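Data first, discussion second: the structure below is written as structure tokens.
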Amino acid sequence: MSNKKIKIDSNIVRLLIILLVFIVLACVTKPSQFIKIANFQTMAKALSEYGLMAVGVGICMISGGIDLSTVYIANLCGILSGLYLQGGGNNAVAVLIALVVGAACGAFNGFLVSYLKIPAMLATLGSYQLFQGIAIVISGGSTVSGIPASFTSFATTALFSYIPLSFVVFVLVCAAMTFVMSKTKFGTRMYLVGTNEKAARFAGIRCNKILIQTYLLSGLISGIAGLLSLARLNSAKADFGSSYTMQCILIAVLGGVNPNGGFGTIPGIAIAVLILQMMSSYLNMFPGVSNYYRNLIWGVALIGVLIMNFILDKRRTQKLSKTS
Amino acid sequence: MNKTFKRMLKQSEFYVFLIIIVFALIIEAKSGLFFTNNNLVDRLRSMIVPSIYALCALLAFVSTGPDVSFPLIGALSSYLAIVITEGLGLAGAPWIVSFLIGTFFGCLMGALNGFIIVKYRFPSLIVTLGTSSIFNGILLGAFEAGRMYLPENLENFARTPLLTVKNAETGLGSTLPMTFLIMVFLYIVAYFVLNKTMVGRGVYAVGGDEVSAERAGFNVKAIRFGVFVVNGGLAAIGGLCYAVQAIRYLPTEYEGAEMEVIAAVILGGTRMTGGVGTLKGCLLGTLLLTMVTNSLIMLGIPIEWQKVFIGAIIIIGTAVSAIQSHAGAKVKTRLKKEAA
Amino acid sequence: MESENILCVKGIKKSFGGVHALKGVDLTIKRGETHCLAGENGCGKSTIIKVISGFYKPDAGSIEVDGKGYPVMTPAEAIKAGIQVIYQDFSVFPNLSVIENLAFNQVLANKKKFVNKKEFRRIAEEAVKKINFDVDLDARVETLPVADKQLIAISRALLDNAKLIIMDEPTTALTKKEVNRLFEIIADLKKSGVTILFVSHKLDEVFEISDSITILRNGENVISCPTSEMTEEKFAYYMTGRHFDTQVEKKTNPDQIGDVVLEAKNLSAPGFENVSFQLRKGEILGVTGQLGSGRTELSLALFGMLKPTGGQILVDGREVKIGSVTAAQKLGIALVPEDRLTEGLFLPQSIMRNNVVSVLDRLANKLGFLSSRKVEEESEKWVKELGVATKDHMLPVQTLSGGNQQKVVLARWLASEPKVLILNGPTVGVDIGAKYDIHNLLRQLAAQGMAILVVSDDTAEVIATCDRAIVMQAGRVTGNLSEKDLNADTLAQAAL
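Residue numbers (the working numbering), protein chains in the order written: chain A, 290 to 613; chain B, 7 to 346; chain C, -14 to 481.
Spelled out as structure tokens, the structure:
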């Protein structure tokens, strides 16, 4: 249907315009630094990790909840795999460990949210302390390092000698999740559970199962992020990247995910990740500007986007009620 | 059995109280160090700042929803208070002047939260996350705040103990700072406002049923806005108390306090969906959580396990309250049937 | 000199975003009478109440209370003039004590800033005394039964020296017993000189309680007259705009009724006990009863949402355990739930998604992948088949009218090709045209061999659509009516 295309596109188009404006601005004001392959490569590497977590947070928000524990699931997975690798473990098994642990943590979140009916925010707030705590206990509170080069080389290798592999992973996960969300019954059900859980139950959707699967997926994706950061930093730590939680929520909302659930797309989240990384790399090009300014800008952006979406939504519903 | 006692049995505060007693007895049995004068003073001391923040969390939950911005409002407004005190040459003025300056800025920041939440009806969690990030950016980016010594007036205030005890056996000493009185004062005021004024009852009414509150004649928007302004002020006081107790201003030490405080308040029986929550519960919840974070070592549990315990307590506490509220719903339908 | 009319509104117009909710409504209520305002859902009843109580500003028209004109009515002025509204949800604070619920309005109206416990208790005691309402004043309201919440609302309204109490659909959430108690209270209030505007669409209640009647339809006055001049036929005609006999459809042809598809044997669950019935292929069975009679619980138990505590359910003669909605679906049982807005629909989602939600399994391949083409075709098919009035099935379902929304919920379940279709309140909040469509559709479906269970408290609906009916009361079956016994009198008798 033509109408559907226009509707989906309007949000993506809006985001693409913001992205484009930003690129133009960066190219005009800082051409020498910005238009460099190395710069794009750095950006691509940096965004993959929190970009993945943002996808996790995003799907949980679509399902009507939120996942505040993604960062700590990633850290826990990184630490476990790191410790295993430190002891001379096999790379494939290390990957498997991270994925299984990530999925298990996610399923645990899902259990809290679905069966125990704890509000997602509080459930994942508690589980994030728990996961972080377990990570501290396991790592003894110190940094896990000394990862074999065979593993960390993943972060330094590039596809066609230009595209960093971690970015390829991000793109693949986004593509897979886009497919899952828009073209499978599981994705459709997730949107419906996020819109109205009670109605979903009456429609024969097994909400608890869908929620557990959603949080499991989020945990799994966080596990992948943990592996990427382990490879990139050659280390893992229980409190690494604590500011990412806020950033992931911001990305999801910026990408068009409705904080009340039921709406949002993966491509939207992916473009929002790009926008955020551009902004942050651009800021880095001003040595006088402290890194901490990013927090300020992100906070303003989050609230600005919320208000913008609010106004646009209002206009759209007004239009709809007039036409019907 | 009398009515009051029966009612007490239904309150989660009562059970938190029981857990605290049991926990204290276990620590005492294991280490013999719980009921010592210096440990008790230390417990009180470690409760001061969290229990001031707990007021913010309580007010926000009861009236609207979660507020996670109070640690950073505390950090930024105490920074401003300290810098302005020094800048205007007020270091010789009474300590309360610096507190008032901080409170003023805290209220302003709270007003920003309140404005956005009330005007656009966004989820308070997302908004306060956003403003936290903004305040953090202003504090560390724009002001490039670093560690600072306190101005003379606050320093003097910090070095005047309210109470000093020394354990005769172990030789360990502990002091209770003057900030304890601030906390007690705030709780007394909060008790009076929440229970004895119509505005205070309005906070509960708005959280219980927004539409009914509007119809009854409460100004719903003003109450919500007011709650966030007050929260800002309370956060500022909490932040300054933190600096006073540390005798330094440590800008990066504030972040992250929100999670534990929220957990404490929920444990104390505050309802996540609004309308229900008591000061008693706040204090008990905070006491329990600070006991867990500070006393594990006395039980011979390594400090690394702290977060695991906190996480477990939050999950168990929220699960119990979630299950209780479901059981409550069932009781309601049963009552309906009995009436039929 | 007291005026004869407590309330006199004339020519009230009000529109929302181009929709004319009120097209010039008049309403005159005499002092001391119990006046009934009736009309189908969406006729403008609640809008006119909000205009009278000052919450909506009318686009045109005049309001006169007790002989005094109000160019602009505000909520505060309305209360001052002695108008009190008791809303359907009773406007109580579930988290606060009965005392506070009773005292807040008055304390706030007096602009008091502080809480005086003694004063609060005095006000509360005064309030409950007005209707001899026996309740624990210190109890939290959420722990009380629904009827008590309503009595709180009534006694609170009386405190403000109410001259006119408007009750908006006050019996919706009450059991028969509670309704009787409410009517006694209304009679007492009338004796003490309070005027009551009773808003309802239930025929029997209107005749039982009111002195005079005003009926609205589509935002316009249809008639105002003393209740004594009204008959049931006329009432139905004025409400619906159609003569009643046109609504009585043909009963099922006995030849089409086949084997027993669904049977309950001494079925019990929280909410009902010992319910037995048989439902045959091609037959429409009614289940009727007041709120709290267990009718909704019965439908939930048959749909796997409520666990039976005893008895048996048989499908096609075999005993089955229905532990989940999925299990019910597999057995070919479908349920159109009672509350369309919260249980039936995903309001902001597209009509398409709402149409196909229950048949996703059929539309997906083995791996769970959906074909957009299949989904769209399926949805378009049902939009066409049931005549859902929309330009585009990609629009949110909340853009549809109540009747069309109900068609979407029906479409979803018809798409799953059920053997047994259970409808709980199939036409609540549905306009007359769509109601007629839905009733006809049920007939057609039965003729095609579907077994249908209509759960409804609307006696007229049960008489018009069902072949047989069982009547429930307080969780038990109190009547089992065959086609020839099925009429308003027998239904009323069984429900007592």
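All C-beta atoms, glycine included, are put in the ideal place defined by N, C-alpha and C. Here the structure is a predicted model, which is why all the values come from computation and not from measurement.
The continuous alpha helix (DSSP H) containing methionine 466(A) extends over residues 454 to 472.
For alanine 222(B), the enclosing alpha helix (DSSP H) begins and ends at 216 to 222. The beta carbon of tyrosine 417(A) lies closer than 6 angstroms to those of Leu357, Ser358, Tyr361 in the same chain, with the five residues before and after it left out. In terms of Cβ geometry, alanine 270(B) and threonine 296(B) form a close pair [threshold 9 angstroms]. Scanning the segment 520 to 559 of chain A from its first residue to its last, the whole alpha helix (DSSP H) runs of 4-plus residues come out as 533 to 543.
Taking 9 angstroms as the cut-off, the beta carbon of glutamine 263(C) is found closer than this to the beta carbon of glutamate 248(C). Glycine 302(C) is not a Cβ neighbour of alanine 436(C), given a cutoff of 9 angstroms. In this chain, alanine 147(C) is not harboured by any beta strand (DSSP E), its DSSP state being neither H nor E. Under the Cβ criterion (8 angstroms, minimum of three pairs), the segment 302 to 311 of chain C does not count as touching the segment 388 to 396 of chain C. Along the segment 572 to 584 of chain A, the positions whose C-beta sits under 9 angstroms from a C-beta of chain B are Val578, Ser579, Asn580, Tyr581, Tyr582, Arg583, Asn584, read in chain order. At least 9 angstroms separates the beta-carbon of valine 171(B) from that of valine 250(B). Each of Ile436(A), Pro437(A), Ser434(A), Leu454(A) was checked against the Cα of phenylalanine 443(A), and the nearest Cα belongs to Leu454(A). With contacts defined as CB atoms closer than 9 angstroms, glycine 281(B) and proline 79(C) qualify as a contacting pair. For leucine 273(B) against glycine 291(B), the beta-carbon gap comes to about 4 angstroms, under 8 angstroms, which counts as contact. With fewer than three CB-CB distances shorter than 8 angstroms, the segment 375 to 394 of chain A does not count as touching the segment 245 to 260 of chain B. Secondary structure of glutamine 275(C) (DSSP, three-state): coil. If you draw a straight line from the Cα of glutamine 330(A) to the Cα of isoleucine 452(A), it comes to about 7 angstroms. Contacts with chain A at 9 angstroms (Cβ-Cβ) include glutamate 150(B).
Tryptophan 367(C) and alanine 221(C) have their C-alpha atoms some 32 angstroms from each other. At a cut-off of 9 angstroms between C-beta atoms, glutamate 110(C) does not count as an interface residue with respect to chain B. With a threshold of 9 angstroms between beta carbons, isoleucine 494(A) makes contact with chain C.
Interface residue (Cβ-Cβ distance to chain B less than 9 angstroms): asparagine 328(A) is not classified as such.
Contact between glycine 367(A) and leucine 516(A) is confirmed by a C-beta separation of about 7 angstroms, below the 8 angstroms threshold.
Of all residues in the segment 53 to 83 of chain B, none is placed with a Cβ closer than 8 angstroms to any Cβ belonging to chain C. Within a 10 Å sphere around the beta-carbon of aspartate 119(C) sit fewer than 16 other beta-carbons, which makes this residue exposed. The beta-carbon separation of alanine 381(A) and leucine 374(A), rounded to 11 angstroms, does not stay under the 8 angstroms limit for a contact. Contact annotation: leucine 305(A) and glycine 399(A) have beta-carbon atoms that are not nearer than 9 angstroms. If the five residues before and after cysteine 210(C) are omitted, its C-beta is found closer than 7 angstroms to the C-beta atoms of Ser197, Ile198, all from its own chain and listed in chain order.
Nearest Cα to valine 74(B) within the set Asn142(B), Asn45(B), Gly147(B), Thr109(B): Asn142(B). Spatial neighbours of threonine 324(B) in its own chain (CB-CB distance under 7 angstroms, excluding positions within 5 residues in sequence) are listed in chain order as Ile272. Arginine 490(A): not part of any beta strand (DSSP E); member of the alpha helix (DSSP H) spanning 486 to 491, first to last residue.
Under the three-state reduction of DSSP output, phenylalanine 575(A) falls in the coil class, being neither helix nor strand. Here arginine 453(C) is buried, its C-beta having at least 16 other C-beta atoms within 10 Å.
Taken through DSSP and simplified to helix, strand or coil, lysine -1(C) comes out as strand. Its Cα nearest to that of alanine 132(C), the residue Phe168(C) stands out among Phe1(C), Phe168(C), Leu285(C), Gly39(C). At least one beta carbon of chain A lies nearer than 9 angstroms to the beta carbon of asparagine 142(B).
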